[in-house]
Amino acid sequence: MSVITLFLLSIFCYIFGSIQSGTLISKIFYKIDVRDLGSKSSGATNVHRTIGLRPGIIVLILDILKGLIPILLIKIFFEDDLHCILGCIFLVLGHCYPIFHRFKGGKGVATGFGAVIVLVPYIFIGLPLAVPLIYKTRFVSLGAIFGCLITILIILYMTILNMLTIEHILTLLIPLLIIYKHKENIKRIIKKEENKLF
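Remember, our numbering sits 2 above the position in the sequence shown when you count from 1.
So this is what it looks like as structure tokens:
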């Protein structure tokens, strides 16, 4: 394992993660900056709320692929998990704090899901639990936070049982960052002021 390789890989993933499909689509096709609207996020939920369902779905798919494809490639070319783990972390950091867009990005849910599911496929278990919660409450943020908590429990459980290596503990930084990025949503939910999906 080369420290230089890990460093360059982390930089590449951060830069790639910084490409904001929501910001680009809103500026190129709608002549607006979605980060000036709604929750000020460039993510799929805010795009859906402020621009429309179709662009929201497109952004969701692109953000998932932004996490999924690089980690799949890293997994193919590198044998150890640490390359994938750092790749996941820096992809999500880039999405949340993009260098190309004044460090104003999304909340990392779709990109984080796409990246981590390659590394820990068992987090897919959280979807059948999170989706009904979103449908019932109409709060995407609540479903995202719940999904992050499930992910944390799955990673801890699998690490304790030695199903994952100790390095996988670093992956917990991703759901923790996503929850942190939802701090304003949490405040609005408590005050009963959170925007609903529909």
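Ideal Cβ positions, reconstructed from N, Cα and C, are used throughout, including at glycine. Because the structure is a prediction, the values reported are computed rather than measured.
Apart from sequence neighbours up to five positions away, the residues of its chain that approach F18 with a beta-carbon distance below 8 Å are K68, P72, L93, G96, ordered along the chain. Counting other Cβ atoms within 10 Å of its Cβ, S4 stays below 16 and is therefore classed as exposed.
In the three-state reduction of the DSSP assignment, E186 falls in the helix class, which pools H, G and I. When rounded, the separation of the alpha-carbon atoms in P177 and I154 is 7 Å. Taking a cut-off of 8 Å on C-beta distances, the segment 12 to 32 touches the segment 46 to 66, as three or more cross pairs fall below it.
The shortest C-alpha to C-alpha distance from Y182 to any of V120, G114, F31, K109 is the one to K109.
With contacts defined as CB atoms closer than 8 Å, I152 and I180 fail to qualify as a contacting pair.
Around the beta-carbon of Y137, fewer than 16 other beta-carbon atoms lie within 10 Å, marking it exposed.
Assigned with DSSP and collapsed to three states, L144 falls in helix. Per DSSP, the unbroken alpha helix (DSSP H) holding N48 starts and ends at 46 to 52.
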